[in-house]
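**Q** This is the structure I want to talk about, given as structure tokens.
2 protein chains.
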Amino acid sequence: MSSTKKSSPRSRATGRVTLADVAQLAQVSPITVSRALRGERAVDALLVARVQAAAKELGYVPDPAARALASRHSAQVVVLVPLLSNALFVDVLEAVQRSLRPAGYQMLMGVTHYDANEEEHLLRELLQHRPAGLLVTGFERNEATRQMMATSGVPCVHLMEVSNTEGVYSVGFSQTDAGAEMTRHLLARGKRRIAFAGAQLDPRTRQRLAGWRTELQQAQLYDPQLEWLNPAPSSMALGGEMLTQILQTQPEVDAIFFCNDDLAQGALLAALRLGLAVPERVAIAGFNDLTGSDQMLPALTTVHTPRSEIGTAAANMLVALINREPVACPGVDLGYRLVVRAST
Amino acid sequence: MSSTKKSSPRSRATGRVTLADVAQLAQVSPITVSRALRGERAVDALLVARVQAAAKELGYVPDPAARALASRHSAQVVVLVPLLSNALFVDVLEAVQRSLRPAGYQMLMGVTHYDANEEEHLLRELLQHRPAGLLVTGFERNEATRQMMATSGVPCVHLMEVSNTEGVYSVGFSQTDAGAEMTRHLLARGKRRIAFAGAQLDPRTRQRLAGWRTELQQAQLYDPQLEWLNPAPSSMALGGEMLTQILQTQPEVDAIFFCNDDLAQGALLAALRLGLAVPERVAIAGFNDLTGSDQMLPALTTVHTPRSEIGTAAANMLVALINREPVACPGVDLGYRLVVRAST
DNA sequence: CTGAAAGCGCTTACAG
DNA sequence: CTGAAAGCGCTTACAG
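Respectively, the protein sequence lines represent chains G and P.
If you're matching positions, the first sequence starts at 18 in my numbering and goes up one per residue.
If you're matching positions, the second sequence starts at 18 in my numbering and goes up one per residue.
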């Protein structure tokens, strides 16, 4: 049943079932098998059936390496995320993986640690694998990376944010609007000294900050002193520290909008330790609706973000781009949802 | 500078710098370039230097697909973990990735969802990529998967548990011992009705359970009613529910050992809501020392597990196996550490 | 220690 | 619609 090459004197055959084996059984040429199986170009329906039967009988599975070498494209998709320690990106990755697999693509993951140089190196390295597609987080990157992406010609979809720029594909939501909406909610609760507490200071955090700032300015309540920005990574411990520091320095603050739920959860626990009444003394709001936020005491008011949906939609869009199918909407806005709980 | 093939009439050259380009510049044969760059077999030191200089000048990067096709092995390592929603495995993955990259390997991640069939399908699919190595979680899997692993001949290291079986490679720690040690701690605190609350019921959870059971039996305090096992996935919400249910059914319980920190954190928050004094009324212990456990109120007593270290050591061991280097200790026990905080 | 030849298992480009 | 030939860019197997 298997390729005759196997018995040749200088054989290096792997024991795999090859296209040639299927071709022999189906009594067609290898290239016809290749075309029939990929659905590329029209092949006589009768032959297609014969080929498929033969492939099934032999348990044929195409060799990804041979395919990549010959076609100049692998079935791998490079996915670049900033961190794995933020559950947000883990959710995105899981959804991406889940959509990519049935489409026949593998995920090649890269973690940039919010570092433009690291992103550049990672991408340079991973592009050598001739990926079929590229998924990157946000729009901010250095010029070298941007160049590589452009010249590689590999289809790319941006995650987490939305753009309307021609030729740019993205799936996300408006971080600015979400920041603004949470701020309006706090204002509606009667809060007047609303601090913004941000960590990491990545582009998305800065957009939420911008949304907050605009709303406060409009309400004539903006004060630069209310901006608490810490470049350290986001964490529960940091959230607790920031709460303490903010209230010590500015006792008049009556609400704090944290840029991520882990900070807000830490702040909530710190408030418990300090005996601060939430939301009476100080309202606390978060962002992303991470695991545990609904379990807090009081439960955390936050913005639910569609991270799984972003992963799924972006992966599907990318597969369409790879297949040169038309993409109806290049900038997909999946929205967000204010989740009001007891902490505000 | 680049291959002469490029200008031939039926050229399909990709524009990549190839081995042939380097060979031409270094004035040696392509196979010598291949050997010099890989360090395989002895090559004259002078030639090696010339080849390396030429490769550097041209910016040569080997093509992974061509290499995989010719050598029958890719530079990819398949990593199979049960879940991404447990931070434990995310930490392992990140460490694996961090060790694999500098060694020149990419990670091909698969998520099994604690399902033996899913693991089997994933592995069947991923083995088609001719991975250089395999990293799997624990020792429990179905026979078909076991067979595939054996017949594939791909080097494999098992994560999270330790085995002394001949020819089996593993990096982990004794889950049973860790479960026993936590139980002894609770006994030393004077607790007498110590419940075990487990979710998911994966092999590691059952081993911790076994450790708990042995200790209680030895102390003549074992009672099967104290075993609270729920096959649902572990979560903070479930931990809260389990606490409530246990204390309602068995008010005499004075300590609960949760198999994972997320359950324990949820229980701690539920205790706050219910106004239960921890640890006086009921002591609460967890496992894994996840993010936030030190922030809880009271802070959570738990077992710190070396998940990053496991990822690093396993990746290094696998790379050694791939290179056919000797592995001093095939079963590496990285231990664990009881972390006593205020909740017990 | 070095190399010419062949081959890995596919797909592209050209013909018919 | 189908196929023979060539090629993708490496490494293996054989020679010397």
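Even for Gly, the Cβ is constructed at its ideal location relative to N, Cα and C.
Please report whether the beta-carbon of alanine 82 of chain G lies at a distance below 8 Å from any beta-carbon of chain P.
**A** Output row for alanine 82 of chain G: interface = yes.
**Q** Would you mind telling me which residues of chain P sit closer than 8 Å to alanine 254 of chain G, beta carbon to beta carbon, in chain order?
**A** Simply Asp311 and Gln312.
**Q** Say whether chain G places a C-beta atom closer than 8 Å to the C-beta of valine 344 of chain P.
**A** Chain G contact via Cβ: absent.
**Q** Quick check: is the beta carbon of methionine 177 of chain G nearer than 8 Å to any beta carbon in chain P?
**A** Not one chain P Cβ lies under 8 Å of methionine 177 of chain G.
**Q** For alanine 66 of chain P, go through chain G and note every residue whose CB falls closer than 9 Å to its CB, in chain order.
**A** Near alanine 66 of chain P there are no residues of chain G at all, since even the closest Cβ is about 24 Å away, more than 9 Å.
**Q** Got a sec: is the Cβ-Cβ distance from glutamine 145 of chain G to anything in chain P below 8 Å?
**A** Closer than 8 Å: yes.
**Q** Using a Cβ-Cβ cut-off of 8 Å, state whether glutamine 114 of chain P counts as contacting chain G.
**A** Yes, because at least one Cβ of chain G sits closer than 8 Å to the Cβ of glutamine 114 of chain P.
**Q** Quick one: which residues of the region 237–270 of chain P get their C-beta closer than 9 Å to a C-beta of chain G? List them in chain order.
**A** Those would be Ser252, Met253, Ala254, Gly256 and Gly257, in chain order.
**Q** Tell me whether phenylalanine 190 of chain G sits in a helix, a strand or coil according to DSSP, three-state version.
**A** Here phenylalanine 190 of chain G sits in coil by DSSP.
**Q** Look at serine 360 of chain P and proline 268 of chain P and say whether their C-beta atoms are less than 8 Å apart.
**A** Contact flag unset, no.
**Q** Going by DSSP in three states, valine 50 of chain G sits in which element: helix, strand or coil?
**A** Three-state result, valine 50 of chain G: helix.
**Q** Span of the beta strand (DSSP E) holding glutamate 244 of chain P?
**A** Taken as a continuous stretch (DSSP letters only), the beta strand (DSSP E) holding glutamate 244 of chain P covers 244–247.
**Q** What residues of chain P sit near alanine 85 of chain G, judged by a beta carbon separation below 7 Å?
**A** Residues of chain P passing the Cβ test: Ala82.
**Q** Which residues in the same chain as glutamate 111 of chain G place their Cβ atom closer than 8 Å to its Cβ, once the five residues preceding and following it in sequence are excluded?
**A** Closer than 8 Å at the Cβ level, and outside the excluded window around glutamate 111 of chain G, lie Ser325 and Gly328.
**Q** Let me confirm a value: arginine 225 of chain G is counted as buried when at least 16 other C-beta atoms fall within 10 Å, else exposed. Which label applies?
**A** When all chains shown are included, arginine 225 of chain G counts as buried.
**Q** Please state whether DSSP places histidine 90 of chain G in a helix, a strand or coil.
**A** It is coil, neither helix nor strand.
**Q** Give a single yes or no on whether arginine 52 of chain P has its beta carbon closer than 7 Å to a heavy atom of the ligand ZN.
**A** Of the ligands one can find in the structure shown there are none, so the ligand ZN has no counterpart to examine.
**Q** Give the range of the beta strand (DSSP E) segment to which valine 320 of chain G is assigned.
**A** Counting along the chain, the beta strand (DSSP E) containing valine 320 of chain G begins and ends at 319–321.
**Q** Quick check: the Cα distance between glycine 283 of chain G and leucine 100 of chain G, rounded to an integer number of angstroms?
**A** Cα-Cα distance, rounded: 19 Å.
**Q** Mind reading off the beta-carbon distance from leucine 125 of chain G to valine 96 of chain G? Whole number of angstroms is fine, and I expect it under 8 Å.
**A** Sure, about 7 Å apart at Cβ, within 8 Å.
**Q** Given this structure, state the Cα-to-Cα distance separating isoleucine 48 of chain P from cysteine 173 of chain P, to the nearest angstrom.
**A** Using only the alpha carbons, I get a separation of about 30 Å.
**Q** List, in order along the chain, the chain P residues whose C-beta lies closer than 8 Å to that of leucine 140 of chain G?
**A** Chain P residues near leucine 140 of chain G: none, gap ~13 Å exceeds 8 Å.
**Q** State yes or no: is the C-beta of leucine 338 of chain G within less than 8 Å of the C-beta of phenylalanine 190 of chain G?
**A** For leucine 338 of chain G and phenylalanine 190 of chain G, no; Cβs fall outside 8 Å.
**Q** Do we get a CB-CB distance below 8 Å when we pair threonine 182 of chain G with the residues of chain P?
**A** Threonine 182 of chain G does not count as touching chain P.
**Q** Let me know the secondary structure DSSP gives glutamine 313 of chain P once reduced to three states.
**A** Note on residue identity: the sequence assigns methionine, not glutamine, to residue 313 of chain P. Coil, per DSSP.
**Q** Can you grab the Cα-Cα spacing for the pair methionine 177 of chain P / valine 107 of chain P, in whole Å?
**A** Between methionine 177 of chain P and valine 107 of chain P, the C-alpha separation is close to 13 Å.
**Q** Measuring alpha carbon to alpha carbon, tell me which of G/Leu355, G/Ile301, G/Ala72 and G/Met313 ends up nearest proline 323 of chain G.
**A** The residue with the shortest Cα to Cα distance from proline 323 of chain G is G/Leu355.
**Q** Which chain G residues are close to serine 91 of chain P, counting only those with a beta carbon under 9 Å from its beta carbon?
**A** Under the 9 Å cutoff, chain G gives Pro81 and Ala82.
**Q** Answer with buried or exposed for glutamate 342 of chain G, where buried requires no fewer than 16 other C-beta atoms within 10 angstroms of its C-beta.
**A** With fewer than 16 Cβ atoms within 10 Å of its Cβ, glutamate 342 of chain G is classed as exposed.
**Q** For glutamate 232 of chain P, count neighbouring Cβ atoms within 10 angstroms of its own Cβ and tell me buried if that reaches 16, exposed if not.
**A** Counting Cβ neighbours within 10 Å, glutamate 232 of chain P comes out buried, since at least 16 surround it.
**Q** Using the beta-carbon count (16 or more within 10 Å), is glutamate 137 of chain P buried or exposed?
**A** When all chains shown are included, glutamate 137 of chain P counts as buried.
**Q** What first and last residue would you give for the beta strand (DSSP E) that runs through phenylalanine 274 of chain P?
**A** Taken as a continuous stretch (DSSP letters only), the beta strand (DSSP E) holding phenylalanine 274 of chain P covers 272–275.
**Q** Kindly indicate which three-state DSSP category histidine 175 of chain P falls into: helix, strand or coil?
**A** Of the three classes helix, strand and coil, the one that applies to histidine 175 of chain P here is strand, per DSSP.
**Q** Out of G/Pro148, G/Thr31, G/Ser180 and G/Thr182, point me to the one whose CA is closest to methionine 166 of chain G's CA.
**A** When each option's Cα is compared against that of methionine 166 of chain G, the closest is G/Pro148.
**Q** So aspartate 350 of chain G is in the alpha helix (DSSP H); what residue range does that whole segment cover?
**A** Counting along the chain, aspartate 350 of chain G falls outside any alpha helix (DSSP H), though it belongs to the beta strand (DSSP E) covering 348–350.
**Q** Judging by CA-CA distance, which residue of P/Leu152, P/Arg230, P/Lys208 and P/Lys73 is the nearest neighbour of alanine 40 of chain P?
**A** Minimum Cα distance to alanine 40 of chain P is reached at P/Lys73.
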